[in-house]
Structures are given as C-alpha cells and as structure tokens.
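Numbered according to the numbering used here, the sequence shown spans residues 624 to 799. By construction, the Cβ of each residue, glycine as well, lies at the ideal position given by its N, Cα and C atoms.
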Amino acid sequence: TNRRMVHVGRSFGSLASGEVVHRHILGFPEGLQVQIMTLGATITSVRVPDVHGQVGEVTLGFDEVRPYHDGTSPYFGCVAGRVANRICRGSFVIGGTQYSLATNNGPNHLHGGVVGFDKRIWSVASYSETSLTLTLDSADGEEGYPGNVIATVKYSLPTATTLRIEYSATTDAPTP
624 TNRRMVHVGR SFGSLASGEV VHRHILGFPE GLQVQIMTLG ATITSVRVPD VHGQVGEVTL
684 GFDEVRPYHD GTSPYFGCVA GRVANRICRG SFVIGGTQYS LATNNGPNHL HGGVVGFDKR
744 IWSVASYSET SLTLTLDSAD GEEGYPGNVI ATVKYSLPTA TTLRIEYSAT TDAPTP
C-alpha cells in the first residue's frame, strides 16, 4: 500500500523538569511503523508485518518516558553522544590539550556522559509523511567536550519496508 500515516507531536510524557517529550509516528497502516520520541531522538517502537501480514513489535523499549531518562534504560533506541562507547578515565587529548569529561561509568565516560545526547530533548527541524528530522545543539564545554556541535538525525521511510537513518554533525572546533 502507498497510504502513509504520520502523527507529529503527540505527548509521550514529561520530565521531572516539566519539559514535555513528544512522540512522532511514521509508517504505513498495514506495514512498517516507527515511533520516535524527542528525548534522545529515540526510536521507541518499530512494528513490521510478519509472513502472514500481522503487524508486530520488533524492538525493546518502554511504554513511558521515565526509564529512558532516569538512567535505568540500557540506551534502547537512542542517539548516543557526543561519543558512543567509553572514554577511558573520562579524559582525552586533542591538539596537545587534555580534556576531562563527566564520568558516569565508574571512572569512565560512557555514551556522552551524565547528560549525553540520549538525555536531551531534540528539536523537530522538519517532518513530512515520509521523514522526521531532529536536531540538537551541544554547547562548547557540555559534559567537558570542546566546540559547539549541531547534531542532526533524519529518520525516513523511502518504501513500505525500509527505515533509513542518517546522522550528521557540524562543529566549530576539533572535537571527538
């Protein structure tokens, strides 16, 4: 089918700060359906039809915002950053300058730190029946990182069976 569905900006809950997290739905009524929330640019649901045409869930996740934000979620479906993975002892060197990062995994820095990209609310840059683009501004010094970064993620459904995810970022200084 070529019929698409898109629901933009439905509330998925609120953070303790009062900030509202929105969930956006892209998809086809009898086919691929993807739900993305603004917290962490996180995919919260992917539903696809099986061989009998029955649409079912294929992702792990939660039915509410809290576990995604309170540190109990194992980074399900999120955009990790600025750096995905661990930075040993929360320290690195660029151009002869040593940077110390926030640590959140024992002595190490994991997936962007205490308030990494997954814990931030992303802004909707554009949306249509076929795509959703989210952006995040990460300021110089955030979690200890140098340089201002504008991160972008675009989720699109070019066909009834394809989810495409495109990541990009720009910065004004050397940064990992």
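According to DSSP, residue i sits in a beta bridge with which residue or residues?
i: V738; result: In the DSSP output, where bridge partners are listed per residue, V738 has none listed.
i: V644; result: G636
i: A774; result: L759 and A792
i: L570; result: Only positions 624 to 799 of the chain appear in this structure, which leaves residue 570 out of reach.
i: H692; result: Looking at the DSSP assignment, H692 forms no beta bridge with any residue, so it has no partner.
Of all the options the options, which has the alpha carbon lying nearest to the alpha carbon of residue i?
i: L755; options: T775, V644, G679 and G719; result: T775
i: L757; options: E765, V747 and E766; result: V747
i: I659; options: V674, P672, E642 and F685; result: F685
i: I773; options: A639, A762 and I648; result: A762
i: D741; options: Y750, S751, P781 and D693; result: D693
i: H647; options: S640, V669 and L638; result: V669
i: R705; options: P672, T695, P697 and H732; result: H732
i: T665; options: G650, G700, G641 and V644; result: G700
i: D760; options: S634, G663 and T682; result: G663
i: Y722; options: G636, N708 and G764; result: G764
Determine whether the beta carbon atoms of residue i and residue j lie at a separation below 7 Å.
i: E687; j: G736; result: no
i: A796; j: G770; result: yes
i: T667; j: W745; result: no
i: L780; j: L638; result: no
i: Y698; j: H734; result: yes
For residue i, which of helix, strand or coil comes out of DSSP?
i: E789; result: strand
i: E687; result: coil
i: G679; result: strand
i: R743; result: coil
i: R670; result: strand
i: R709; result: strand
i: G650; result: strand
Say yes only if the C-beta of residue i is nearer than 6 Å to one or more non-hydrogen atoms of the ligand COA, and no if none qualify.
i: V657; result: This structure lacks the ligand COA, and indeed carries no ligand of any kind.
Using a beta-carbon distance below 7 Å, is residue i in contact with chain E?
i: D673; result: Structure shown: chain E not included; a single protein chain is present.
Fill in: Segment contact, 8 Å Cβ cut-off, at least three pairs: the region 676-686 with the region 649-668
Under the Cβ criterion (8 Å, minimum of three pairs), the region 676-686 counts as touching the region 649-668.
Worksheet item: Does the region 702-714 come close enough to the region 722-741 to have 3 or more Cβ pairs within less than 8 Å?
Response: With a cut-off of 8 Å, the region 722-741 and the region 702-714 count as touching, because enough Cβ pairs lie within range.
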